[in-house]
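Residues in the sequence shown are numbered from 843 upward in steps of one, following this note's numbering.
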Amino acid sequence: MKLDKICSSLQYRLLQGSLETAVKDIVYDSRKIVEGVMFVCLTGARTDGHDYIPDAIQKGASAIVIEREEAAGQIPAHITTLCVPSTREALAYMSAAFFDYPARKLITIGVTGTNGKTTTTHIIKSVLENSGKKTGLIGSNGAVIGDRHIPLKNTTPESYELHSLFHQMTEAGCEYVVMEVSSQALKLGRTAGIQFDYGVFNNLSADHIGPNEHDSFEEYLSCKSLLFRQCKQGVFNADDSHYRDVLQGHTCKVTTFCTAADSDVKPATDFTAYHIENINIDGRLGMQFQVKGLLNGQYRIFLPGQFSVYNALAALSVCRLAGIAPDAIRSGLDKARVKGRMELLPVSKEYSMLIDYAHNRVSTENALTALQQYRPRRLVCVYGCGGNRSRLRRYDMGEITGKYADLCILTCDNPRFEELHDINEDIKVGLQKSGGRYIEIDDRKEAIAYSMSHAESGDIILLLGKGHEDYQEIKGEKYHFDEREVVAQILQDMESQREAR
843 MKLDKICSSL QYRLLQGSLE TAVKDIVYDS RKIVEGVMFV CLTGARTDGH
893 DYIPDAIQKG ASAIVIEREE AAGQIPAHIT TLCVPSTREA LAYMSAAFFD
943 YPARKLITIG VTGTNGKTTT THIIKSVLEN SGKKTGLIGS NGAVIGDRHI
993 PLKNTTPESY ELHSLFHQMT EAGCEYVVME VSSQALKLGR TAGIQFDYGV
1043 FNNLSADHIG PNEHDSFEEY LSCKSLLFRQ CKQGVFNADD SHYRDVLQGH
1093 TCKVTTFCTA ADSDVKPATD FTAYHIENIN IDGRLGMQFQ VKGLLNGQYR
1143 IFLPGQFSVY NALAALSVCR LAGIAPDAIR SGLDKARVKG RMELLPVSKE
1193 YSMLIDYAHN RVSTENALTA LQQYRPRRLV CVYGCGGNRS RLRRYDMGEI
1243 TGKYADLCIL TCDNPRFEEL HDINEDIKVG LQKSGGRYIE IDDRKEAIAY
1293 SMSHAESGDI ILLLGKGHED YQEIKGEKYH FDEREVVAQI LQDMESQREA
1343 R
């Protein structure tokens, strides 16, 4: 493709070379540079793409895009060089052009918020596909295109990968794409240039604040609000205390949803849920509720907790606005399942075991209070905390689990480059504050096995923090660890031990 076509929507200065230059591909990772590609120098928290310009020259890049003009001095005259205000935004616009603007060929739905993004996107996908709409998905659990599952490094991938996925979806015949839009993606311009058909706001609480994330809650909130300056229709949780703050500066049409205790109350929003109740049907935990407003009737979701009602409300709101019929919405909600989000494992008729990705104060409290509604004999939590992340999250996790759980089993999560002992000592600060009972078992498999072998009839065991992940990250290495496989192996070992007695 000629450079002039790739740069058709871009603000730039041509420092040298020609816009007639042919570009085989766009690359921002110096390890992927080959002859004839365009190298985009991204500036990150740890590395600066401008430092790899000599590699691009040596490997035969046909064009180089920079944001610091002084870097052009080392580039030979035969290599076309562009200077842009932001190489990250430039990458987004150029990637869209390179793949022939695939997002414009899809109905795009972006979901943002601190908690519930993954669950909401999966519910939306379930509803859309139940109504016959082929739908691609992008988020924490990876990308899904038809029967293909593509692992992703980030919740919202870098813009080049994002537009590549959109292109693959259009080629596969998708009509819709539903995706998680993280605050980091909005901050770093990964979705720049995309006009979403629908943007969804779930909730906002203090999280992702610290090194390499957001400097403050105010910045975090500001980044979240950016989605509603690049979508046509915004769908907002009006019960969230930060809802109006996120609305600041919006350019979209606004639709709202909320919950109410009394059916006689006039709908406060476009979609209002009421008569909300817990359900347990053959061991399947979930929520049932009535809806009034732009949609009316009874609906249910087989995911426990009030927050599941909000996620379902967000999904049914955007799907109804997209023209999906009420019966298809009802059936899609019934069928919705989300890996690692309040995922029930078939372990025993005597006790229940669930996997959930909750790893901060709000999501953990939501999970535990939701499960308490089912009146377990004991609520047991198996968890750790991630290393190289905010220590405040550890104090919060300890305090909340200590407050609501009958027993906490401290173990390993993703310690990354920190020592497990140091992480768990921080968690214990919160546990001691709330007076929670706990034991420590460093090996996560052993911790899970302990919870199962000591389970009592009526217990609920919650494996927190890993969710959909199938690895543990320790000292820069990722080791395979899928809690579903681990639990299945423990059950097999326990059965073998019983037979040997």
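Backbone N, C-alpha and C define an ideal beta-carbon position, used for all residues, glycine too.
| query | result |
| --- | --- |
| Of the residues Leu1089, Glu1192, Thr1206, the one placed nearest Asp1198, counting alpha carbons only | Thr1206 |
| Cβ-Cβ distance between Tyr1018 and Leu1069 below 8 Å | no |
| Terminal residues of the beta strand (DSSP E) in which Ile908 lies | 905-908 |
| Residue range of the alpha helix (DSSP H) that includes Arg1344 | Outside the modelled stretch of the chain, which goes from 843 to 1343, sits residue 1344, for which no answer is possible. |
| Nearest to Phe1323 (by Cα), restricted to the options Arg1235, Gln1072, Phe1078, Glu1288 | Glu1288 |
| Check whether Leu1252 and Tyr1280 have beta carbons under 8 Å apart | yes |
| Length of the line joining the Cα atoms of Tyr1002 and Ser937 | 5 Å |
| For Ser1360, three-class secondary structure by DSSP | No answer is possible for residue 1360: it lies beyond the span of the chain, which begins at 843 and ends at 1343. |
| Spatially closest choice to Val1328 from Asp1301, Ile1316, Met1294, Lys1317, by CA coordinates | Met1294 |
| Rounded straight-line distance, which links the Cα of Glu1267 to that of Arg1032 | 37 Å |
| Residue from Gly1229, Asp1238, Cys1161, Lys1245 whose Cα sits closest to the Cα of Ile965 | Cys1161 |
| Completely contained alpha helix (DSSP H) runs for the region 913-987, where each covers 4 or more residues | 929-940, 959-972 |
| Short Cβ contact (8 Å threshold) for Thr1111 with Val1133 | no |
| Proximity to Pro1146 [Cα-Cα], best of Met1195, Tyr1062, Ala1102 | Met1195 |
| Where Gly1139 falls: helix, strand or coil (DSSP) | strand |
| Proximal residues to Tyr1321 (C-beta, below 7 Å), its chain only, five neighbours per side dropped | Tyr1313, Gln1314 |
| Beta-ladder partner(s) of Tyr1313, from DSSP | His1322 |
| Whole-angstrom distance between Glu1325 and Tyr1062, CA atom to CA atom | 31 Å |
| Start-to-end residues for the beta strand (DSSP E) that takes in His1296 | No beta strand (DSSP E) holds His1296; DSSP gives it neither H nor E. |
| Any beta strand (DSSP E) of 3 or more consecutive residues that is wholly inside the region 1007-1046 | 1018-1022, 1038-1043 |
| 8 Å contact criterion, which Thr922 and Ser872 should meet: CB distance rounded | About 18 Å; that fails the 8 Å criterion. |
| Local conformation of Tyr1002 per DSSP, three classes | helix |
| Buried or exposed by the 16-neighbour rule on C-beta atoms within 10 Å, applied to Ser1006 | buried |
| Contact between the region 1238-1247 and the region 1269-1284 (3+ Cβ pairs under 8 Å) | yes |
| Straight-line gap, Pro1257 to Gly1318 (C-alpha atoms, nearest Å) | 10 Å |
| Residue span of the beta strand (DSSP E) that contains Asn1202, given as start and end | Counting along the chain, Asn1202 falls outside any beta strand (DSSP E), and DSSP gives it neither H nor E. |
| Residue range of the unbroken beta strand (DSSP E) whose run includes Phe881 | 880-882 |
| The region 982-997 in contact with the region 1082-1101 per 3-pair CB rule at 8 Å | no |
| At least three beta-carbon pairs within less than 8 Å, the region 906-922 to the region 875-893 | yes |
| DSSP state of Ile1283 mapped onto helix, strand, coil | coil |
| Close Cβ partners of Lys1029 (< 6 Å) along its chain, the five nearest in sequence each way excluded | Cys1065 |
| Three-state secondary structure assigned by DSSP to Gly891 | helix |
| Where Thr929 falls, given that 16 or more other Cβ within 10 Å makes a residue buried | buried |
| Which of helix, strand or coil DSSP assigns to Gln853 | coil |
| Close beta carbons around Asn841, own chain, < 7 Å, minus the five adjacent residues each side | Here the chain has residues from 843 to 1343 only, and residue 841 is not among them. |
| Inter-stretch contact (C-beta, 8 Å, three-pair minimum) for the region 943-962 and the region 894-906 | no |
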